[in-house]
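Protein chains in written order, with my numbering: chain A, 1 to 113; chain B, 114 to 224. Just so you know, even glycine gets a beta-carbon here, dropped at the ideal spot from N, CA and C. Everything below concerns the one structure shown next.
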Amino acid sequence: DAGVTQSPTHLIKTRGQQVTLRCSPKSGHDTVSWYQQALGQGPQFIFQYYEEEERQRGNFPDRFSGHQFPNYSSELNVNALLLGDSALYLCASSMTGGNTEAFFGQGTRLTVV
Amino acid sequence: GEDVEQSLFLSVREGDSSVINCTYTDSSSTYLYWYKQEPGAGLQLLTYIFSNMDMKQDQRLTVLLNKKDKHLSLRIADTQTGDSAIYFCAESRNQGGKLIFGQGTELSVKP
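Here it is, written out as structure tokens:
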């Protein structure tokens, strides 16, 4: 079992650009959550997807959007990038109703210049 | 509201015990977690406790929960240099649901 995998591991974007980050959940998991971790801070919840729909959302602007595919993998999209969007983006997967904890991927380090 | 607070730094000698503390505000918290993050890495779940428990032990790790004071602690016995990392306390209302994290405690273990 590969666990939760995220791609890419690092990327650099310019202000105003758009970015897409990808996540494959742990085998058997159907729920994907995304977190933003700024340098020196704890992760902040962005949103959670289940059954291809956004189930819960944190305090992030509409520039942050997501998608979940039928195979449970997920994408995080950020439009109109700001310097303040530079962070480690973490994906976590879990199984709804399965009484399991969330498992995290290694993250994607996004740098906006 | 939802808020989780931790002290930022802790330094111990190898072989000593480490105690990392956390307070939370959400009285609806059902699950409380401790995660470990090493440099450049994701989060590794160390242990968790249900809110109806007051203690959980797992090898070198002991979690204590004071639900009345909304205080959680993680004790690491016989701390090793490999335990040096940032430790995050987190809470959620349901297993696998939205996690609210503290800002992390950086544990430094000196030989």
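The Cβ atoms of B:V176 and B:I189 do not sit closer than 7 Å to each other. The contact set of A:A102 on chain B, defined by CB atoms closer than 7 Å, consists of G209 and L212 in chain order.
Of all alpha-carbon atoms in A:S86, A:P43 and A:S74, the one lying nearest the alpha-carbon of A:T31 is that of A:S74. Exposed is the label assigned to A:I12, since fewer than 16 other Cβ atoms lie within 10 Å of its Cβ. A distance below 8 Å between beta-carbons, with the five flanking residues on each side excluded, links A:G58 to the following residues of its chain, in chain order: Q44, F45, I46 and F47. Chain A places a beta carbon closer than 7 Å to that of B:L158, counting this residue as a contact.
When rounded, the separation of the alpha-carbon atoms in B:T160 and B:Y148 is 7 Å. Under the 7 Å criterion on CB atoms, A:F64 is classed as non-interfacial with respect to chain B. When beta bridges are read from the DSSP output, B:E151 appears opposite no residue. In terms of beta-carbon proximity, A:F45 lines the interface with chain B, with at least one pair separated by less than 7 Å. Residue pairing of B:R188 in beta bridges, as defined by DSSP: B:V132 and B:T175. When rounded, the separation of the alpha-carbon atoms in B:D129 and B:L187 is 14 Å. Its chain contains R126 as the residues whose beta carbon lies nearer than 6 Å to that of B:K223, once the 5 sequence neighbours on both sides are disregarded; these appear in chain order. Across the set B:K183, B:L158 and B:A154, the C-alpha of B:K183 shows the shortest separation from the C-alpha of B:D167. Counting the other CB atoms within 10 Å of its CB gives B:D116 a total below 16, which places it among the exposed residues.
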